[in-house]
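Below: the structure, in structure tokens.
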Amino acid sequence: MQRRDACGWGITVVGLVLGAIQLVQGGQQLSELTGLSQSELVIVFAFETMPFALIGLSLVYVGYWLTDQEGFEPDLFRILSWGAGGTVIFASIAALILFSQQVTLDTLAQGQYITMNLVTVGAVVGVLVGIYDAQSRLRQRELERERDRIEAFAGKAADINNYGRELNRARSVDEVSALCIEAIQTLLGLTETALVAVDEEGSVIDSTIIGADDETLIDLAREATEQEQASAVVREDSPMDGPLLSMLVTAHDGSGVVLLAPAGTGGFDEEDQQLLELLVSHAGTALDRIHDPQRREASA
Numbered sequence: 001m002q003r004r005d006a007c008g009w010g011i012t013v014v015g016l017v018l019g020a021i022q023l024v025q026g027g028q029q030l031s032e033l034t035g036l037s038q039s040e041l042v043i044v045f046a047f048e049t050m051p052f053a054l055i056g057l058s059l060v061y062v063g064y065w066l067t068d069q070e071g072f073e074p075d076l077f078r079i080l081s082w083g084a085g086g087t088v089i090f091a092s093i094a095a096l097i098l099f100s101q102q103v104t105l106d107t108l109a110q111g112q113y114i115t116m117n118l119v120t121v122g123a124v125v126g127v128l129v130g131i132y133d134a135q136s137r138l139r140q141r142e143l144e145r146e147r148d149r150i151e152a153f154a155g156k157a158a159d160i161n162n163y164g165r166e167l168n169r170a171r172s173v174d175e176v177s178a179l180c181i182e183a184i185q186t187l188l189g190l191t192e193t194a195l196v197a198v199d200e201e202g203s204v205i206d207s208t209i210i211g212a213d214d215e216t217l218i219d220l221a222r223e224a225t226e227q228e229q230a231s232a233v234v235r236e237d238s239p240m241d242g243p244l245l246s247m248l249v250t251a252h253d254g255s256g257v258v259l260l261a262p263a264g265t266g267g268f269d270e271e272d273q274q275l276l277e278l279l280v281s282h283a284g285t286a287l288d289r290i291h292d293p294q295r296r297e298a299s300a
């Protein structure tokens, strides 16, 4: 941020200096003109000086705007390089114009004004081209991050499907619970998870949640039995340290199995919830098969 502020305010100062020089030169230019009325001098100032003064002062806004652009942090040197390059190129053009004027007309009249005007335009054009270049690079980085995110999500979804195949081969609730907790810890990095059976009494099948007793987990699971099955619901007002995600894995005749996962201070993003919903749908199918004697015998 300090680099961005230094770059932005530096461009702002350059804009102020260029604008001030243009105004001073405009006054000098008017003092050199003789035989013109006051209204004619105003017209000359308005058309000869003000446009270039405003061009220079535009860098004031550009510099201030740049201080608030976090995405341009890696490209600050590139923007400054474009600005310096534009200034040098237009200064070179001014030198060629003056050389041609000296050769053809044997005079350098208005030379300082021509040079300063082109330097002002060159600085602004260079900075704007640099910002355009930085924007294109920023978009490229965003596209690369989006591609990496999609690839990572696709890889995790494929791993979830692999866990789904293992869940379909599970023969007990404990196996299903162990596979779910392993998948959540491995793929989502959540270290605290609980699978709770909800019936007349309620019981904790498996839990890695620290700081929450079984009674608290069972009460939270009972509240989640009204949810739609395999749908993630995040509670911000949970007794845990941070948001609590709850998902109804399966439900039959007033009983069910609920997955609880506190997120701490990080929270859950939409992709995490989608992966959990995919995992829970596999777990729900596995638990339904285990609790269905006919399907269990058929699979045996």
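Just so we're aligned: the sequence shown equals residues 1 to 300 in UniProt numbering.
The beta carbon of each residue, even a glycine, is placed where N, CA and C say it ideally should be.
None of these values were measured; they are calculated from a predicted model.
- In this structure, Ile79 and Val127 form a Cβ contact; the two beta carbons are roughly 6 Å apart against a cut-off of 8 Å.
- In this structure, DSSP gives Ile209 a state outside helix and strand, which the three-state scheme calls coil.
- The three-state reading of DSSP puts Met240 in coil, since its state is none of H, G, I, E or B.
- Shown here, Met50 sits in a helix according to DSSP, grouped into three states.
- In terms of Cβ geometry, Leu187 and Asp219 do not form a close pair [threshold 9 Å].
- Here the alpha carbon of Leu59 sits roughly 18 Å from the alpha carbon of Val24.
- The C-beta distance from Val198 to Leu217 rounds to 10 Å, too long to meet the 8 Å contact threshold.
- Boundaries cannot be given for Gly71, as no beta strand (DSSP E) includes it and DSSP labels it neither H nor E.
- Close CB contacts of Ile97 within its chain, under the 7 Å cut and outside five residues either way in sequence, are with Ile114 (chain order).
- Apart from the 5 residues on each side of it in sequence, Glu166 sits with its Cβ closer than 7 Å to the Cβ of Leu179 in its chain, given in chain order.
- With a cutoff of 9 Å on beta-carbon distance, Glu192 and Ile210 are scored as near each other.
- Rounded to the nearest whole angstrom, the CA to CA distance from Ala170 to Gly71 is 48 Å.
- Contact between Ala283 and Val249 holds, since their C-beta atoms are separated by about 5 Å, short of 8 Å.
- Apart from sequence neighbours up to five positions away, the residues of its chain that approach Val129 with a beta-carbon distance below 7 Å are Trp82, Gly86, ordered along the chain.
- As far as DSSP is concerned, His282 takes part in no beta bridge.
- Following the DSSP letters along the chain, one finds Gly256 inside the beta strand (DSSP E) bounded by residues 255-262.
- With respect to Trp9, Thr67 sits close: the two C-beta atoms are nearer than 9 Å.
- A Cβ-Cβ contact shorter than 9 Å links Phe153 with Leu275.
- Excluding five sequence positions before and after Ala183, the CB atoms of its chain that fall closer than 7 Å to its own CB belong to Ile160, Tyr163, Leu279, given in chain order.
- Gln227 carries a coil assignment under DSSP once its states are collapsed to helix, strand and coil.
- Taken through DSSP and simplified to helix, strand or coil, Thr250 comes out as strand.
- Straight-line spacing of the CA atoms in Gly15 and Glu40 works out to 28 Å.
- Leu33 is positioned such that its CB atom lies closer than 9 Å to that of Val44.
- Counting the other Cβ atoms within 10 Å of the Cβ of Leu54 gives fewer than 16, which makes it exposed.
- Less than 9 Å separates the beta-carbon of Ile205 from that of Val257.
- Per DSSP, reduced to three states, the secondary structure at Leu98 is helical.
- Boundaries of the alpha helix (DSSP H) harbouring Leu23: 2-32, taken from the DSSP string.
- Beta-bridge pairing by DSSP links Leu245 to Val234, Ala261.
- If you check the CB distance, Phe52 and Met1 do not come in under 9 Å.
- Taking C-beta atoms as the reference points, Glu277 and Ala232 count as a pair closer than 9 Å.
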